[in-house]
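This report concerns only the one structure given below.
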Amino acid sequence: MQNLAVSIIQTTLYWEDAARNLEMFSEKIAALEGDTDLIVLPEMFTTGFSMNARVAAEPMGGPALQWMQKTAATRKCVICGSMAVEENGRFYNRFFWVRPDGSFEYYDKKHLFTYTGENKDYTAGKRKLIVELKGWRIMPLICYDLRFPVFTRNRFRESEGFDYDVLLYVANWPATRSHAWRIMLMARAIENQAYVIGVNRLGVDENEITYSGDSAVISPLGENLSNLMPNQEGVETVIMPRCQLDSFRDSFRPWADWDKFSLE
C-alpha cells in the first residue's frame, strides 16, 4: 500500500465568523506547497467552540460544506474537519470527510463535553465512522472523544484485519489540559498499533479560553512525526510511511492477544 501525505493546519479561529474563517483557510490552503492526500482542519473550524448553536450552525449542505467540496476538487485531495450543523431541528458537532468528486461522509461527535454544556446545545452521535483513502482505513473523532479509549479500541479479525490504521482527532482543546492531550494521543497510537493525527486550534476564544495547538502526527511507536510548535501558526505536510505500520504489526503482535469486547 502507498504512503499517506497529511497536511495539518494549526491556526487561530475567528469567533462565530464563518465567512472570515473560510477566507483564512482558503489562503492557507492556497499557500500549501506540493501534493497532499488529506487536509485536516480543527474542530468547529467555521466558528470556534460555540455553544450558541443557533448562531454557529449552518444547514446541512450549507456554505461551509460547499466550500469544502470546492476546495477538495481544486486541490484534488480529501479535506476534513468539524462544524456546527442543523438538521431536522437538531444541532450536531459534525465532522465531514469530503472527497475531490464532491461526495462526503460524516461523523457526529459521540462524547459531548458536558463541562461546558455541549450536551444541552448539541445532539450526540450514535455511530462510528471508518473511511478509506489509498488503502488506509481511518477513524475520525472529535476532541473529547480522546478521553474514551474503549470507544476507539482497535480490533483485529482474521477475516477482515484491523478495524483501522489511523485515528484522526480534530479539536478545540484548552492549553490548561495540553499535557493530557499530548499523552493521550501517544497512548491511543501505542495501544491500538495505529497512526494518530491530532489537529488542535490556537488563540483565545470569546470565553477567554486559551488554546496552544500541540497538533501532532504520532507513529504506531508513539513518536511525533510533526515539527509544528505549540503556540505557533503553522501548516505542515507529514508523510506517514505504510511500511512502518505494516512491519511493526508483523514483528510485534500484541493485537493477537487483545481482549474481545462489545460496547453497549
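Per numbering that gives the first Met the number 0, the sequence shown runs over residues 0 to 263. Every residue, glycine too, gets a C-beta built ideally from N, C-alpha and C. Here the structure is a predicted model, which is why all the values come from computation and not from measurement.
Assigned secondary structure, S211 (DSSP; H/G/I helix, E/B strand, else coil): strand
Segments assigned alpha helix (DSSP H), at least 4 residues, entirely inside the region 71-104: none
Alpha-carbon to alpha-carbon, C76 and T10: 20 angstroms
Touching by the beta-carbon criterion (3+ pairs, under 8 angstroms), the region 61-70 and the region 82-97: yes
Coarse secondary structure for A201, derived from DSSP in three states: For the sequence presented, residue 201 should be read as Leu rather than Ala. Looking at L201 - three-state DSSP - the assignment turns out to be strand.
I137 (DSSP reduced to helix, strand or coil): strand
In chain order, each alpha helix (DSSP H) run of at least 4 residues that lies wholly inside the region 10-64: 17-29 and 52-55
From T236, F103 and Q243, residue whose alpha carbon lies closest to that of E222: Ranking T236, F103 and Q243 by Cα distance to E222 puts Q243 first.
Sequence-distant residues of its chain with Cβ nearer than 8 angstroms to N20 (five each side left out): Excluding positions up to five away in sequence, the list reads L12, Y13, F44, T45 and T46.
Touch test, the region 120-133 against the region 224-236, Cβ-Cβ under 8 angstroms, three pairs minimum: no
Coil, strand or helix - P253 by DSSP: helix
Three CB pairs or more closer than 8 angstroms across the region 150-166 and the region 204-214: no
Straight-line gap, V264 to Y114 (C-alpha atoms, nearest Å): The structure shown does not extend to residue 264, since the chain is modelled only from 0 to 263, so the question has no answer here.
C-beta contact flag for N219 and N2 at 7 angstroms: A small fix is needed here, since residue 219 is Pro in this sequence, not Asn. No. Outside cutoff.
As assigned by DSSP and simplified to three states, the class of T115: helix
Pair within 7 angstroms by beta-carbon distance, V216 and I238: no
Test item: CB-CB of Q192 and R248 under 7 angstroms: yes
Beta strand (DSSP E) segment containing A170, residue limits: V165 to A170 is the extent of the beta strand (DSSP E) around A170.
Under 7 angstroms between C-beta atoms of A71 and T236: no
Assumed close pair S81, I141 - CB separation to whole angstroms, cut-off 8 angstroms: About 5 angstroms separates the Cβ atoms of S81 and I141, confirming a contact at the 8 angstroms cut-off.
Whole-angstrom distance between F90 and E205, CA atom to CA atom: For E205 and F90, the distance between alpha carbons rounds to 20 angstroms.
Beta strand (DSSP E) segments (min. 3 residues) lying fully within the region 226-252: 233-239
C-alpha gap between K69 and D36, whole angstroms: 15 angstroms
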